[in-house]
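Trainee: Below is one structure. I have some questions about it.
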Ligand code: KG4
Ligand code: ZN
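In our numbering, the protein residues as written are 60 to 426.
Here it is in structure tokens:
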């Protein structure tokens, strides 16, 4: 059995989780997230130094709350995990320095985790949802500590990343395609700002996109690079198309039906591109499992439509999605990634002294 305490402060959530691993089964004993949305909403985006100040204020209360919720003390913790990149340096530093201090004081090993590795491993948290998602029998046979679910094709969609990643085994990543400009989440946020829907944009655009279309747009929005002969993406042109549409129809921005139609079309354009490239990549690489990861994986249309496309085109491929609370930034995903790193990577003895060595890296690479 192993108890992991994890911290995540790479952007605008101060998060601490406590995860218990017992014979390959995971239980999240606490998953505390203190969000700074209200603070950054005033600025229309995350301000790094303000984020850092908030993390500093919240980090110890969040750790306290997590230990209380799990009914544990520092003595019960076997391993400390922290996001050490990529992300905003002032924000990352608070989590990393706190984790290093706790590791030194509590004499516990410390492990640094790549934020996107955390998002990917959120798929391995045993979830209530598992019984409800598609191709269930195959998912059940995808035991965490065997190789049955590999190779995995993972579509990573967050505020900073849009990537298609192949995992031939645990903790190995081959990026087969990525965005050439904006990340999907970033495009959602910018479109929300253009349409006056506030921050964060993803959930706001998704909310507006629901319901029956009452306004018909003159022309569809572009599906950038959908036909390109590779697995890369581009979303800045799509965002610019929304900007031109909004400029051309300035008066209509007050019309809820117009805004709703733009959101629906934008979201559909995003889904079409992401899904078509993922299915094409799957046909080339023949994964046993397709996974979705990152904040945009909370988007219910993307979850649903990707599931349907897999069922139709690749009925033998399992489909795994994280529970929505583990889609957006949280620390449970960092703990589970740490558990796998601890188990599979040699040299864990070095983790004892990692409080001396661990560094933050804004551009940390996934490897
Ligand atoms: O992974 P995440 O929480 O933070 C980063 O690592 O970047 O992703 C945040 C991004 C934001 O751009 C946010 O607008 C987007 O995820 N997002 C969504 C939804 N929920 C969050 N985008 C579309 N639909 C959603 N429901
Ligand atoms: Zn994230």
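For every residue, glycine included, the Cβ atom is placed at its ideal position computed from N, Cα and C.
For residue 302 and residue 218, I'd like the C-alpha separation in whole angstroms.
Mentor: As a position in the chain shown, residue 302 is number 243, starting the count at 1. As a position in the chain shown, residue 218 is number 159, starting the count at 1. Near 19 Å, if we compare the C-alpha coordinates of residue 218 and residue 302.
Trainee: Between 283, 102 and 155, which lies nearest to residue 144 when the distance is taken from Cα to Cα?
Mentor: The residue given as residue 144 occupies position 85 in the chain shown. Answer by Cα proximity: 155.
Trainee: For the ligand ZN, I want to know if residue 388 counts as a neighbour, meaning its beta carbon is within less than 6 Å of at least one of the ligand's heavy atoms.
Mentor: Counting from one through the chain shown, the residue named residue 388 turns up at place 329. Checking every heavy atom of the ligand ZN against the Cβ of residue 388, one is found closer than 6 Å.
Trainee: Do residue 410 and residue 169 have their CB atoms nearer than 7 Å?
Mentor: To locate residue 410, count along the chain shown from 1; it is residue 351. To locate residue 169, count along the chain shown from 1; it is residue 110. Cβ atoms of residue 410 and residue 169: closer than 7 Å.
Trainee: Report the partner residues of residue 173 according to the DSSP bridge assignment.
Mentor: Counted from its first residue, the chain shown places residue 173 at position 114. Its beta-bridge partners are 144.
Trainee: Quick one: Cα of residue 133 to Cα of residue 369, how far?
Mentor: To locate residue 133, count along the chain shown from 1; it is residue 74. To locate residue 369, count along the chain shown from 1; it is residue 310. Going by the C-alpha atoms only, they are around 44 Å apart.
Trainee: Any idea what DSSP makes of residue 286, helix, strand or coil?
Mentor: Reading the chain shown from its first residue, position 227 is the one you call residue 286. Coil.
Trainee: Within a Cβ cutoff of 8 Å, which residues of the same chain sit near residue 235, ignoring the five residues on either side of it in sequence?
Mentor: As a working mapping, residue 235 is identified with position 176 in the chain shown. The residues are 223, 224, 225, 290, 340 and 344.
Trainee: Shortest alpha-carbon distance to residue 85 belongs to which of 135, 71, 399 and 271?
Mentor: Your numbering for residue 85 matches position 26 in the chain shown. Of 135, 71, 399 and 271, the residue nearest in Cα terms is 399.
Trainee: Quick one: give me the first and last residue of the alpha helix (DSSP H) that residue 130 is part of.
Mentor: As a first step, residue 130 is located in the chain shown; it is residue number 71 there, counting from the start. Note, residue 130: premise wrong, no alpha helix (DSSP H); not H, not E.
Trainee: When you measure from the CB of residue 154 to every non-hydrogen atom of the ligand ZN, does any distance come out below 6 Å?
Mentor: As a position in the chain shown, residue 154 is number 95, starting the count at 1. No; taking the cut-off as 6 Å, the Cβ of residue 154 has no heavy atom of the ligand ZN nearer than that.
Trainee: Taking the alpha-carbon positions, what's the residue 274 to residue 327 distance?
Mentor: Start at 1 with the first residue of the chain shown, and residue 274 comes out as number 215. Start at 1 with the first residue of the chain shown, and residue 327 comes out as number 268. C-alpha separation (whole angstroms): 15 Å.
Trainee: Work out the CA separation of residue 310 and residue 380 for me, nearest whole Å.
Mentor: For the purposes of this step, residue 380 is taken as residue 321 along the chain shown, with counting starting at 1. For the purposes of this step, residue 310 is taken as residue 251 along the chain shown, with counting starting at 1. Each residue's Cα considered, the two are about 40 Å apart.
Trainee: Run through DSSP, which three-state label would residue 61 get?
Mentor: Residue numbering aside, residue 61 sits at position 2 when the chain shown is read from its first letter. Correct three-state label for residue 61: strand.
Trainee: Assuming residue 284 and residue 355 form a contact by the criterion Cβ under 8 Å, report the distance between their Cβ atoms to the nearest whole angstrom.
Mentor: Here residue 284 is taken as the residue at index 225 of the chain shown, counted from 1. Here residue 355 is taken as the residue at index 296 of the chain shown, counted from 1. 17 Å between Cβ atoms; not a contact.
Trainee: Between which two residues does the alpha helix (DSSP H) carrying residue 253 extend?
Mentor: Here residue 253 is taken as the residue at index 194 of the chain shown, counted from 1. Per DSSP, residue 253 is one residue of the alpha helix (DSSP H) stretching across 243-253.
Trainee: So which of 401, 413, 419 and 423 has the shortest CA-CA distance to residue 229?
Mentor: What you label residue 229 is simply residue 170 of the chain shown in a count that begins at 1. When each option's Cα is compared against that of residue 229, the closest is 401.
Trainee: Would you decide whether residue 418 is buried or exposed? Buried here means 16 or more other CB atoms lie within 10 Å of its CB.
Mentor: As a working note, residue 418 is residue 359 in the chain shown. That one is exposed.
Trainee: Between the beta-carbon of residue 243 and the beta-carbon of residue 271, is there less than 7 Å?
Mentor: The residue labelled residue 243 in the question sits at position 184 within the chain shown. The residue labelled residue 271 in the question sits at position 212 within the chain shown. No, they are not a contact pair.
Trainee: Is the CB-CB distance between residue 393 and residue 89 below 7 Å?
Mentor: Residue numbering aside, residue 393 sits at position 334 when the chain shown is read from its first letter. Residue numbering aside, residue 89 sits at position 30 when the chain shown is read from its first letter. Result no, Cβ atoms of residue 393 and residue 89 do not sit closer than 7 Å.
Trainee: Would you mind listing the alpha helix (DSSP H) stretches within the region 256-280 that are 4+ residues and don't spill past its ends, in chain order?
Mentor: 260-268
Trainee: Please tell me whether residue 77 and residue 129 are closer than 7 Å, where the distance is taken between their beta carbons.
Mentor: Start at 1 with the first residue of the chain shown, and residue 77 comes out as number 18. Start at 1 with the first residue of the chain shown, and residue 129 comes out as number 70. A contact, by the Cβ cut-off of 7 Å.
Trainee: Looking at the structure shown, is residue 163 part of a helix, part of a strand, or coil, going by DSSP?
Mentor: Along the chain shown, read from residue 1 onward, the residue named residue 163 stands at position 104. Residue 163: helix per DSSP, three-state reduction.
Trainee: Tell me whether residue 217 counts as near the ligand ZN, meaning its Cβ is closer than 6 Å to at least one heavy atom of that ligand.
Mentor: Numbered from 1 along the chain shown, position 158 holds the residue referred to as residue 217. Yes - the ligand ZN has a heavy atom lying nearer than 6 Å to the Cβ of residue 217.
Trainee: Return yes when the C-beta of residue 368 is under 6 Å from any heavy atom of the ligand KG4, and no when it is not.
Mentor: Position 309 of the chain shown, counted from the start, is the residue given in the question as residue 368. For the ligand KG4, not one heavy atom lies less than 6 Å from the Cβ of residue 368.
Trainee: Would you mind stating whether residue 258 and residue 100 have Cβ atoms separated by less than 7 Å?
Mentor: Sequence index remark: in the chain shown, residue 258 carries index 199 (1-based). Sequence index remark: in the chain shown, residue 100 carries index 41 (1-based). Contact: yes.
Trainee: One question on the structure: do residue 337 and residue 292 come within less than 7 Å of each other, judged by their Cβ atoms?
Mentor: On the chain shown, residue 337 is found 278 positions in, with the first residue counted as 1. On the chain shown, residue 292 is found 233 positions in, with the first residue counted as 1. Not in contact: residue 337 and residue 292 (Cβ atoms no closer than 7 Å).
Trainee: Once DSSP output is grouped into helix, strand and coil, what is the label at residue 69?
Mentor: Start at 1 with the first residue of the chain shown, and residue 69 comes out as number 10. Correct three-state label for residue 69: coil.
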